[in-house]
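As given, the protein sequences belong to chains A and B, one line each in that order. So the first sequence is numbered by my numbering: it starts at -5 and just counts up by one. So the second sequence is numbered by my numbering: it starts at 420 and just counts up by one. For reference, the structure is listed below as structure tokens.
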Amino acid sequence: DTGVSQDPRHKITKRGQNVTFRCDPISEHNRLYWYRQTLGQGPEFLTYFQNEAQLEKSRLLSDRFSAERPKGSFSTLEIQRTEQGDSAMYLCASRYWTSGESSYNEQFFGPGTRLTVL
Amino acid sequence: RKEVEQDPGPFNVPEGATVAFNCTYSNSASQSFFWYRQDCRKEPKLLMSVYSSGNEDGRFTAQLNRASQYISLLIRDSKLSDSATYLCVVNSPGGSYIPTFGRGTSLIVHP
């Protein structure tokens, strides 16, 4: 399977614990995005990487959240001291980007990690 | 005002009906536009891009109206399998192309 993969698919944790999610993008894709989606809402942008550089972070990404893409391939999203409000689906997406017409290059999403904070 | 707004629905239509969704965006400098489909508890998948000239793919037609800052999706001859949430996506201006999603419009096609 050469699509975007995410691990784990489901995570249940207690409030105050730290969690880490992993995303493996499509191999030739240089941009990787993290989103959060809650019930009845569309995905909300959290952050994105171009290769290993984290180029933009949403104000939704509090200091409890950190993301890395150390070698420009897979990425991790860590949430420290989880809160019940962090319960959501965390989606990863990747795309190939170059300047010019690539604004229409498709984003491919992974299946998501569903986080439940008790 | 939200950057991208959609009527959440649900739109309940019988098989064979024609249904249309609109999506409005607030940033006039937005550069690229898409419709994604999301099935229940699944990831979003690209349905179609929306070009300035409009585009059609089988039963689906997408149009862009830059003057009024909205995009539309028309589905003809609805099938049961079209039941899903349709997400409007607008890329921000500038080189970052950060996608902003609407909250989605729910479509239920019934026999």
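Glycine included, C-beta positions come from ideal geometry on N, C-alpha and C.
- Query: Does the separation of the CB atoms of A/F39 and A/R63 fall below 8 Å?
  - Reply: Taking 8 Å as the Cβ cut-off, A/F39 and A/R63 do not qualify as a contacting pair.
- Message: Alpha carbons only, please: which of B/S515, B/T504, B/E422 is nearest the one belonging to B/N431?
- Response: Answer by Cα proximity: B/T504.
- Query: Exposed or buried, which one is B/Y470 when buried takes at least 16 other CB atoms within 10 Å?
  - Reply: That one is exposed.
- For a contact meaning CB atoms closer than 9 Å, what does B/R522 contact in chain A? For B/R522, the residues of chain A that pass the 9 Å Cβ criterion are G34, Q35, G36, in the order they occur in the chain.
- Query: For chain B, is any of its Cβ atoms less than 8 Å away from the one on A/E100?
  - Reply: It does: the Cβ of A/E100 has a partner Cβ on chain B nearer than 8 Å.
- Message: Using the Cβ count rule (16 or more neighbours within 10 Å means buried), how would you classify B/D501?
- Response: When all chains shown are included, B/D501 counts as buried.
- Message: If the criterion is Cβ atoms closer than 8 Å, does the pair B/A436 and B/S491 meet it?
- Response: No.
- Does the distance from the C-beta atom of A/R9 to that of A/T70 stay below 8 Å? Not in contact: A/R9 and A/T70 (Cβ atoms no closer than 8 Å).
- Count the other C-beta atoms from every protein chain shown that fall within 10 angstroms of the C-beta of A/A87, then say buried if there are 16 or more, exposed otherwise. By the neighbour-count criterion, in which a residue is buried when 16 or more other Cβ atoms sit within 10 angstroms of its Cβ, A/A87 is buried.
- Item | DSSP three-state assignment for A/L33, whether helix, strand or coil | Correct three-state label for A/L33: coil.
- Item | Strand pairing of A/V13, partner residues [DSSP] | Paired residue(s): A/I73.
- Message: Which complete beta strand (DSSP E) runs does the stretch 452 to 524 of chain B hold, if anything under 3 residues is left out?
- Response: Listed in chain order, they are 464 to 469, 474 to 476, 479 to 484, 489 to 494, 503 to 510, 518 to 520.
- Item | CB contact check: B/E462 to chain A, cutoff 8 Å | Cβ-Cβ to chain A under 8 Å: yes for B/E462.
- Query: Which bits of chain A does B/P518 rub up against, with CB to CB less than 7 Å?
  - Reply: Under the 7 Å cutoff, chain A gives F39, Q101.
- Item | Whole-number beta carbon distance between A/T107 and A/R25, since they are thought to touch under 8 Å | With 8 Å as the limit, A/R25 and A/T107 do not qualify as a contact, their Cβ atoms being about 19 Å apart.
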